[in-house]
């Protein structure tokens, strides 16, 4: 990954720069916003631009800055007085908000990117990250802006079948959406680069770059996740979920289908509330009625409204029942199921909602891995988290904390089964339970 700079190099992480990358003169808008350490040298900045855009790092490049043209190391010539990318930091060429430089990649095709500084912030504002992406990166060696315009013209007009077939073969795909940035692929490349750079520097990577584990230092729930789940309908910008296809029998949709049909005709009875005086132990051993459980999740959405202990569709709910909006319907259900499903329904009450936030944190980590993961350390974390919630409970009949934790895992298993997202094994021995993505986990790509 770091072929050009093999030896370990120190990196400063005290301040970060948020920059906008725009591909100039592109036939469709192609932009990225990334946050990287402000004191990274430009050879590192080049690597992050490559991963954020989706380029393959196959050509020479240069920066056009107030300090002059800054070349890559491969362009070094004897007696050259030029500055080189490993000698200049991002902060030196972008001294203030609004400042701009240009980055040219592939000096033959001449892809010119404008780099604009949006913000300087300290480390508390967040780790290195790809914050947003618009438009798909053009294919390598496509002839620059003019060549890419011609490719899109051929794909759009479909006038010559032979030329179109040749183009599909060259692209390696039969469909090309110029407006789709392929965010999952970009995220993977970006996070892999972060890990490689930090490893090369001999320091631990930031928690955002750890995909397959939940180490002790990463137990804190990210503020963005917390805020999104606390206000799941007011803050959609905190979490993006891409749903390419909706299987006809995602469990929760299958279970709620008759409910939706009934709601078309008028209000129906809501799910019965559990008595708060019921202990967690009693709840944990009780057989779960999935219809009631799904109705409970439905109550937490803005798809239905509650009047006189009955559920009725909202205007948004009537819209989402149309087949073409099925993806948005599932999105609303998954957000309420993993975030806003009230702990009070399981026998307790708390103003601290973090207990249900921990489950999407686990799923967020596991959604990028197909490997089984021991969650002993995670249940230990719950043991530390739950006392804070336990003492906020209004009922004196909540039972031991260990039962509360076990009940939480049983209920999260139920929710995971309703969505087909996560599978838990070894549930009778909670601290040794295994967790992995469920059959529908691949439908959801979580981006913070």
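Numbering (the UniProt record's numbering), first residue to last: 1 to 448.
The C-beta atom is built at its ideal place from N, Cα and C for all residues, glycine as well.
Just so it is clear, the structure is predicted and the values come from calculations on it, not from any experiment.
Asked	Found
Residues in the same chain with beta-carbon distance under 8 Å from residue 262, minus the five sequence neighbours each way, listed in chain order, please.	268
Can you tell me which of the three DSSP states residue 428 falls into?	Low confidence applies to residue 428: its pLDDT is 48, below 50, so where it sits in the model is not reliable, and the reading given next is rough at best. Coil.
Output needed for residue 48: all residues of its chain with C-beta closer than 7 Å, excluding positions within five of it in sequence on either side, in chain order.	34, 36 and 193
With distances taken Cα to Cα, identify the nearest neighbour of residue 59 among 155, 141 and 333.	141
I need the straight-line Cα distance from residue 62 to residue 161, nearest angstrom please.	39 Å
Could you have a look at residue 172 and say whether DSSP puts it in helix, strand or coil?	coil
Work out the CA separation of residue 138 and residue 154 for me, nearest whole Å.	14 Å
Which word fits residue 97, buried or exposed, when buried means at least 16 other C-beta atoms lie within 10 angstroms of its C-beta?	exposed
Is residue 195 helix, strand or coil when you go by DSSP?	helix
Which same chain residues end up closer than 8 Å to residue 27 when comparing Cβ atoms and leaving out the 5 residues on each side of it in sequence?	145, 148, 149, 152 and 178
With a CB to CB cut of under 7 Å and the five nearest residues on each side skipped, what residues in its chain are close to residue 171?	139
Grouping DSSP H, G and I as helix and E and B as strand, with all else coil, what is residue 15?	strand
Pick from 296, 116 and 322: whose alpha carbon is nearest that of residue 102?	116
Looking only at its chain, what residues have a beta carbon closer than 8 Å to the beta carbon of residue 15, apart from the 5 residues adjacent to it on each side?	37, 38, 39, 91, 120, 121, 122 and 123
By how many angstroms is the C-alpha of residue 22 removed from the C-alpha of residue 292?	50 Å
Per DSSP, what kind of secondary structure is residue 182 in: helix, strand or coil?	coil
According to the neighbour-count rule (16 or more other Cβ atoms, all chains shown, within 10 Å of its Cβ), is residue 300 buried or exposed?	buried
According to the Cβ coordinates, are residue 45 and residue 65 closer than 8 Å?	no
Measuring only the C-alpha atoms, how far is residue 132 from residue 304?	32 Å
For the beta strand (DSSP E) holding residue 156, just list the boundary residues, first then last.	Residue 156 -> not in any beta strand (DSSP E); alpha helix (DSSP H) instead, spanning 144-157.
Use the C-beta contact count for residue 307: other C-beta atoms within 10 angstroms, 16 or more gives buried, fewer gives exposed.	exposed
Report the start-end ranges of each beta strand (DSSP E) in the segment 86-144 that is 3 residues or longer and not cut off at the edges.	100-105, 111-122 and 129-134
Could you check what DSSP says for residue 160 in three-state terms: helix, strand or coil?	coil
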